[in-house]
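Visitor: Residue numbers (our numbering), protein chains in the order written: chain A, 4 to 246; chain B, 45 to 269. The C-beta atom is built at its ideal place from N, Cα and C for all residues, glycine as well.
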Amino acid sequence: MPDIVVKTEDVVKEYRMGSNVLRALDGINIEIERGEYISLMGPSGSGKSTLFNMIGALDRPTEGEVYIDGQNMSHLSQRQIAAFRCHRVGYIFQSYNLLNVRTAHGNVTLPMIFAGIPDKERNEKAEKLLDMVGLGDRMYHLPDELSGGQRQRVAIARALANDPSIVLADEPTANLDTITGREIIDLIKQLNLKQGVTVISATHDLKMLDVSDRIVDIRDGLVERIRNRDEIEIEVGEVGGHE
Amino acid sequence: MQQQTPIEEQIDLPFVESLRISFQSLKIRFGRSIITTAGITLGIAFLVSVWTNNEIELALQESGRSSAITNLDEAAEQGISTKDIWLIIMSLIVCVVGIANSMLMAVTERFREIGTMKCLGALDGFVVRLFLLESGFQGFAGALIGALIGLLGAVILGLKNYGLDLFFYFPLLPAQHENGAFQLGVLLLILFGCILGMILAIIGSSFPAWRAAKLPPAEAMRTEV
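Structure representation (structure tokens):
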């Protein structure tokens, strides 16, 4: 029996802009298994980032339900949602979202502060994580003193601080050049393989295709199709041919 | 179907941790903090200088050494003139608006930071507490400097008008004048200025911080300034 970690049921999200109502998600149903690497693909405005926010409890759906680890997210208290964001999920964003007033090390320790981990333990763990993402020598630099790729590495280390079971990555390579983007994708894939972390990534970066187990194509707020890895490999060839 | 692992409740952080984070933030954002604090300083300096000036006038009127200008303008009046009341009210308004504005701006430009902290597991109350501490400290420091600047301004003006007599009749402590006007005294005035600056800074920042903390993180991070 598959171990479903994320399940959405008829998720609808509407945004009100004055008198207009924009339906960003129009009834999304997906199931994601533990340990999978899933890419949510689609053009800008397709609703993939909105879906990303729903899965990560960063926003509330207008209708429908999101279940994580079998828990209905709409039934959780504020404190439970905060604990969920702190312990269960690691977020990686397109614009890194590092706190500019904290060093790389300070950014990685922050989620551990919120989790109540003692000083010494969290400092050691932050050093270990930053070492792992290849920033052992730039630990005490502020984000402004780091390159885009390095900032994204800090964000990855921060996302892993509390050993989450899910890593959510929203366009993690969009602000990076091709080579750096590739490195970041490889790093995320390694986490997926070595630590068994479920990775859910909203992207329109084609480089993400060949590391994904499944691709969910989103268009106009609906799941257009879901492709498996074997189908993907053929299409990567096709895409390569067209470029 | 799915394995259900109960989600625990988020813990409260010890106060000293909030204090540490807010001081760290003030220290690293020192340049920006100074600008925000300057807004508070100016507002309180204006208020304290107008008010102290008024108290000096009162004290010296009582001693029969009121300045020529006051005698000409308000020969018939005793105590606080309507003009003075207006000036104090105006300076209070300038002070309230100035401080609220600088705190509002300082918080609004940090909406993304608030959203990010919530993503990492911060409770709404923790975010508000951080801003409360930061702004309270900024408010107090800014207001104290402002009050001293305002006092200095009023003293310089007083020296020009009354010469060294000023120090002889200086309204340092609270007193009741013969004409019924109440003198608050400069010491209390400074204290009042500091508390007012701190309260205004706290209100000015914690209200928008509270609003931002209540937003879902996705929305807070979307906010562009």
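Count the other C-beta atoms from every protein chain shown that fall within 10 angstroms of the C-beta of Trp281 (chain B), then say buried if there are 16 or more, exposed otherwise.
Guide: As shown, chain B starts at 45 and ends at 269. That puts residue 281 (chain B) outside it, with no answer to give.
Visitor: Roughly how many whole angstroms lie between the Cα atoms of Tyr94 (chain A) and Arg154 (chain A)?
Guide: Residue mapping note: residue 94 (chain A) aligns to position 91 of the first sequence, counting from 1. Residue mapping note: residue 154 (chain A) aligns to position 151 of the first sequence, counting from 1. Answer to the nearest angstrom: the Cα atoms are 13 Å apart.
Visitor: Once DSSP output is grouped into helix, strand and coil, what is the label at Ile55 (chain B)?
Guide: As a first step, residue 55 (chain B) must be located in the second sequence, where it is residue number 11. In this structure, Ile55 (chain B) counts as coil in the three-state DSSP scheme.
Visitor: Could you tell me the boundaries of the beta strand (DSSP E) in which Thr183 (chain A) lies?
Guide: Counted from its first residue, the first sequence places residue 183 (chain A) at position 180. Segment 181-198 is the alpha helix (DSSP H) holding Thr183 (chain A); no beta strand (DSSP E) there.
Visitor: Below 8 Å CB to CB, which residues in the same chain sit around Glu263 (chain B) once its five sequence neighbours on both sides are set aside?
Guide: Counting from 1 along the second sequence, the entry for residue 263 (chain B) is found at position 219. Around Glu263 (chain B): Gly159.
Visitor: Starting from Ile41 (chain A), trace the beta strand (DSSP E) both ways and give me its first and last residue.
Guide: Taking the first sequence and counting its residues from 1, the one referred to as residue 41 (chain A) is at position 38. Taken as a continuous stretch (DSSP letters only), the beta strand (DSSP E) holding Ile41 (chain A) covers 40-44.
Visitor: If you compare alpha carbons, which of B:Gly165, B:Ser66, B:Val92, B:Val230 is closest to Leu180 (chain B)?
Guide: Here residue 180 (chain B) corresponds to residue number 136 of the second sequence, with the count starting at 1. The question names Leu, yet the displayed sequence has Gly at residue 180 (chain B). When each option's Cα is compared against that of Gly180 (chain B), the closest is B:Ser66.
Visitor: Can we count Thr206 (chain A) as close to the ligand PLP, meaning its CB is less than 7 Å from some heavy atom?
Guide: The ligand PLP is not part of the structure shown, which contains no ligands of any sort.
Visitor: With distances taken from CA atoms, which of B:Leu228, B:Lys71, B:Leu244, B:Arg156 is nearest Leu136 (chain B)?
Guide: Start at 1 with the first residue of the second sequence, and residue 136 (chain B) comes out as number 92. Closest by alpha carbon: B:Leu244.
Visitor: Return the chain-ordered list of same chain residues with a C-beta closer than 6 Å to the C-beta of Gly190 (chain B), the five sequence neighbours on each side being excluded.
Guide: The residue you call residue 190 (chain B) lines up with position 146 of the second sequence. Thr85, Ile88, Ala89.
Visitor: Check the Cβ of Ile55 (chain B) against every Cβ in chain A and list those closer than 7 Å, keeping chain order.
Guide: Numbered from 1 along the second sequence, position 11 holds the residue referred to as residue 55 (chain B). Here the neighbours are Gly119.
Visitor: Just to confirm, is the Cβ distance from Leu240 (chain B) to Ala185 (chain B) under 8 Å?
Guide: Reading the second sequence from its first residue, position 196 is the one you call residue 240 (chain B). Reading the second sequence from its first residue, position 141 is the one you call residue 185 (chain B). No, they are not a contact pair.
Visitor: Chain A partners of Leu240 (chain B), CB-CB under 9 Å?
Guide: Numbered from its first residue, the second sequence carries residue 240 (chain B) at position 196. Here the premise fails: no neighbours, minimum Cβ distance about 28 Å.
Visitor: Can you pull the chain B neighbours of Ile31 (chain A), defined as C-beta to C-beta under 9 Å?
Guide: The residue labelled residue 31 (chain A) in the question sits at position 28 within the first sequence. Those within 9 Å of Ile31 (chain A) in chain B number zero; the least Cβ separation is about 16 Å.
Visitor: Could you please give the first and the last residue of the uninterrupted alpha helix (DSSP H) stretch that includes Ile132 (chain B)?
Guide: Along the second sequence, read from residue 1 onward, the residue named residue 132 (chain B) stands at position 88. Taken as a continuous stretch (DSSP letters only), the alpha helix (DSSP H) holding Ile132 (chain B) covers 126-152.
Visitor: Give the residues from the region 50-74 of chain B that approach chain A closer than 8 Å (Cβ to any Cβ), ordered along the chain.
Guide: Answer in chain order: Pro50, Ile51, Glu52, Glu53, Gln54, Ile55, Leu57, Glu61, Ile65, Gln68, Ser69, Ile72, Arg73.
Visitor: Please name the residue in A:Leu61, A:Gly50, A:Gly67 whose C-alpha comes closest to that of Cys89 (chain A).
Guide: Numbered from 1 along the first sequence, position 86 holds the residue referred to as residue 89 (chain A). Of the listed residues, the one whose Cα sits closest to Cys89 (chain A) is A:Leu61.
Visitor: Where does Gly30 (chain A) fall in DSSP's three states?
Guide: Taking the first residue of the first sequence as position 1, residue 30 (chain A) is located at position 27. Three-state result, Gly30 (chain A): strand.
Visitor: How would you label Asp72 (chain A), buried or exposed, when you count the other beta carbons within 10 angstroms and need 16 or more for buried?
Guide: Residue numbering aside, residue 72 (chain A) sits at position 69 when the first sequence is read from its first letter. Classification for Asp72 (chain A): buried.
Visitor: Which of the three DSSP states is assigned to Thr160 (chain B) in this structure?
Guide: Locating residue 160 (chain B) in the second sequence gives position 116, counting from the first residue. Correct three-state label for Thr160 (chain B): helix.
Visitor: Bridge partners of Ser204 (chain A), per DSSP?
Guide: Here residue 204 (chain A) is taken as the residue at index 201 of the first sequence, counted from 1. Answer is A:Ser42, A:Ala172.
Visitor: Does the beta carbon of Gln74 (chain A) come closer than 8 Å to any beta carbon on chain B?
Guide: For the purposes of this step, residue 74 (chain A) is taken as the residue at position 71 of the first sequence. Yes, contact with chain B.
Visitor: By Cβ distance below 7 Å, which residues in the same chain neighbour Pro114 (chain A) in space, the five residues on each side in sequence not counted?
Guide: The count along the first sequence starts at 1 and reaches residue 114 (chain A) at position 111. Contacts found: Cys89, Arg161, Ala164, Asn165.
Visitor: What residues in its chain sit with their C-beta under 7 Å from that of Ala118 (chain A), if we drop five residues either side in the sequence?
Guide: Here residue 118 (chain A) corresponds to residue number 115 of the first sequence, with the count starting at 1. Cys89, His90, Asn165.
Visitor: What's the C-alpha gap between Val171 (chain B) and Gly248 (chain B)?
Guide: As a working mapping, residue 171 (chain B) is identified with position 127 in the second sequence. As a working mapping, residue 248 (chain B) is identified with position 204 in the second sequence. Going by the C-alpha atoms only, they are around 15 Å apart.
Visitor: Starting from the C-beta of Pro5 (chain A), find all residues in its chain whose C-beta is less than 7 Å away, skip the five residues before and the five after it, and write them out in chain order.
Guide: As a working mapping, residue 5 (chain A) is identified with position 2 in the first sequence. Cβ within range, chain order: Glu36.
Visitor: Ends of the alpha helix (DSSP H) at Leu210 (chain B)?
Guide: On the second sequence, residue 210 (chain B) is found 166 positions in, with the first residue counted as 1. Start and end: 209-212.
Visitor: For the structure I just gave you, are there three or more beta carbon pairs, one from the region 214-223 of chain A and one from the region 39-54 of chain A, closer than 8 Å?
Guide: Because the criterion of three Cβ pairs below 8 Å is met, the region 214-223 of chain A and the region 39-54 of chain A touch.
Visitor: Do you know offhand how far Phe59 (chain B)'s Cα is from Met142 (chain A)'s?
Guide: The residue labelled residue 59 (chain B) in the question sits at position 15 within the second sequence. The residue labelled residue 142 (chain A) in the question sits at position 139 within the first sequence. Distance between the alpha carbons of Phe59 (chain B) and Met142 (chain A) is about 27 Å.
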